[in-house]
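Residue numbers (UniProt numbering): 1 to 253.
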Amino acid sequence: MFFLAITAVLSTESKSKFISEYKTCIKRDTVFYNPISVLNYTILFITVLHKGHHLVGCSDTEREDMYGLDGEEIYYYNFNKNKAVVAIPEFADSVSFRFPTDFEPCVYNLKCKSVSIYFPVFTDPPQTSIYPRDDVVVSVENTLICHVTGFFPPPVRVSWSKNNVNVTENITLSQYRPSSDGTYNLFSMLKIIPLEGETYSCTVNHKALQQPQTKIWEAVLPGIGPSAFCGVGLTLGLFGVVTGCCNVLCKCN
Numbered sequence: 001m002f003f004l005a006i007t008a009v010l011s012t013e014s015k016s017k018f019i020s021e022y023k024t025c026i027k028r029d030t031v032f033y034n035p036i037s038v039l040n041y042t043i044l045f046i047t048v049l050h051k052g053h054h055l056v057g058c059s060d061t062e063r064e065d066m067y068g069l070d071g072e073e074i075y076y077y078n079f080n081k082n083k084a085v086v087a088i089p090e091f092a093d094s095v096s097f098r099f100p101t102d103f104e105p106c107v108y109n110l111k112c113k114s115v116s117i118y119f120p121v122f123t124d125p126p127q128t129s130i131y132p133r134d135d136v137v138v139s140v141e142n143t144l145i146c147h148v149t150g151f152f153p154p155p156v157r158v159s160w161s162k163n164n165v166n167v168t169e170n171i172t173l174s175q176y177r178p179s180s181d182g183t184y185n186l187f188s189m190l191k192i193i194p195l196e197g198e199t200y201s202c203t204v205n206h207k208a209l210q211q212p213q214t215k216i217w218e219a220v221l222p223g224i225g226p227s228a229f230c231g232v233g234l235t236l237g238l239f240g241v242v243t244g245c246c247n248v249l250c251k252c253n
């Protein structure tokens, strides 16, 4: 797998320039992987910088073409559906795209084998965490989230299991998202209906890991918790106060 990541530092005023150059590139039906010049724009001695990202990659099994700004996606291409996906919200300025819909232009334009020799080879292992999206209620549908972060290069594989049995359905995977330190992160989500005692695991494979990294989550019934203990303690305390007052009154009489 060969990936090429481009990061450009942009000022506030150059955001529109980034979008403009981006649109111009698309109209030429080429993969835009040339670095953008560093642009700074200062107003009243205050400079606000923004980071533009372009991630392109290709292999026999995985394909990626994503543009982003400040760690957020602007666009990515779904090669499985041959469809461009615009990730900016509907209330933002509309942007139209035309992209190659075949895998071969990506390979040709990137010239992966030639480009790779000019970049240093280094890897960063991922850090993985697993947690439910909502508060857990037994037998109520929820979503488990496996967050994989801090890895480089981008290719990473995520798999799920339930009670040590591989799960392949009801899984969604986000696009690779750039982090400010040059690494990447992504989310894998699994829809579940939790039952007490069930265990789910998220396993991550990456070239920087000597062995797969697995995180486990277990569905448990909510306990009575600290608030319940406080309630019991308060009740007993009040009962003690009332009993003491009654004893004092009896002695006085």
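The beta-carbon is built from N, C-alpha and C at its ideal position, and this holds for glycine as well.
Residues bridged to residue i [DSSP beta-bridge criterion]
| i | result |
| --- | --- |
| glutamate 218 | Thr199 |
| serine 129 | His147 |
| alanine 84 | Tyr77 |
| leucine 186 | Val148 |
Three-state secondary structure assigned by DSSP to residue i
| i | result |
| --- | --- |
| serine 179 | coil |
| valine 136 | coil |
| threonine 168 | coil |
| asparagine 163 | coil |
| lysine 207 | coil |
| glutamate 72 | strand |
| valine 156 | coil |
| isoleucine 193 | coil |
Residue i Cβ short of 6 Å to the ligand SAM heavy atom set
| i | result |
| --- | --- |
| threonine 183 | Although the ligand SAM was asked about, the structure shown includes no ligands whatsoever. |
Interface flag, residue i vs chain D, CB-CB below 7 Å
| i | result |
| --- | --- |
| phenylalanine 122 | Among the protein chains of the structure shown there is no chain D, as only one such chain exists. |
Supposed close pair residue i, residue j - CB separation, criterion 8 Å
| i | j | result |
| --- | --- | --- |
| arginine 177 | leucine 190 | Actually they are not in contact, since the Cβ atoms of arginine 177 and leucine 190 sit about 19 Å apart, beyond 8 Å. |
| cysteine 146 | threonine 128 | 7 Å |
| leucine 144 | proline 132 | 6 Å |
| glutamate 196 | valine 158 | Not a contact, Cβ separation roughly 26 Å. |
| threonine 203 | proline 194 | Actually they do not touch by this definition, with Cβ atoms about 19 Å apart. |
| asparagine 166 | glutamate 198 | Not confirmed; about 15 Å, so no contact. |
| serine 188 | leucine 173 | 5 Å |
Whole-angstrom distance between residue j and residue i, CA atom to CA atom
| i | j | result |
| --- | --- | --- |
| glutamate 141 | aspartate 135 | 10 Å |
| isoleucine 171 | phenylalanine 122 | 30 Å |
| isoleucine 216 | glutamate 72 | 29 Å |
| valine 85 | tyrosine 76 | 5 Å |
| proline 153 | tyrosine 67 | 16 Å |
| serine 201 | threonine 214 | 7 Å |
| lysine 83 | proline 155 | 21 Å |
| glycine 150 | alanine 87 | 22 Å |
| valine 137 | tryptophan 160 | 21 Å |
| phenylalanine 32 | isoleucine 192 | Confidence at phenylalanine 32 is low in this model, with a pLDDT of 32, below 50, so the placement of that residue is unreliable and no value is reported for it. |
| asparagine 40 | leucine 69 | Here the model assigns asparagine 40 a pLDDT of 43, short of 50, so the residue's position is not dependable, and the following value carries that caveat. If you take the alpha carbons of asparagine 40 and leucine 69, they lie about 15 Å apart. |
| isoleucine 74 | serine 139 | 37 Å |
| phenylalanine 79 | aspartate 181 | 27 Å |
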